[in-house]
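Using my numbering, the letters of the sequence shown map in sequence onto residues 303 to 390.
We treat Cβ as the ideally placed atom computed from N, Cα and C, and that holds for glycine.
Given the structure is predicted, the values throughout are model-derived calculations rather than measurements.
What follows is a set of notes on a single structure, which appears directly below.
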Amino acid sequence: LYSHWRFTEKVDYLRVLGALDESDPASPQVLVPNYIMARPNCLESSNLYAICCRNECEDLMGHLETNIGDSMAEPQKIVELVSALPSD
Numbered sequence: 303l304y305s306h307w308r309f310t311e312k313v314d315y316l317r318v319l320g321a322l323d324e325s326d327p328a329s330p331q332v333l334v335p336n337y338i339m340a341r342p343n344c345l346e347s348s349n350l351y352a353i354c355c356r357n358e359c360e361d362l363m364g365h366l367e368t369n370i371g372d373s374m375a376e377p378q379k380i381v382e383l384v385s386a387l388p389s390d
């Protein structure tokens, strides 16, 4: 898949954003939702306020995180929870 996007953020910057998972030091990973919803990705309409879009999936993810209650879950449990999610 070709993409014209080039992500060049430094590790320190991602860490400050809360968008870097370093739980495995040998393989740090970007937490994509944290990266996308970070303040620098908001529209700075003035020096008084910024406009940040609400992530419509946040409530659904919150529901899953609450019900899973751990960093890992069996696929079947995830399937059951996702199947029962209310969405439009």
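Within the same chain, and ignoring the five residues on either side of Leu-319 in sequence, the residues whose Cβ sits closer than 7 Å to its Cβ are Asn-336, Tyr-337 and Ala-340. Inter-residue distance for Ala-352 and Glu-346 is about 4 Å (C-alpha atoms, whole angstroms). Per DSSP, the continuous alpha helix (DSSP H) segment holding Gly-364 begins and ends at 360-370.
A check of alpha carbon separations from Ser-385 across His-365, Met-374, Ser-373 and Gly-371 identifies His-365 as the nearest.
Here Asp-326 carries a coil assignment [DSSP, helix/strand/coil].
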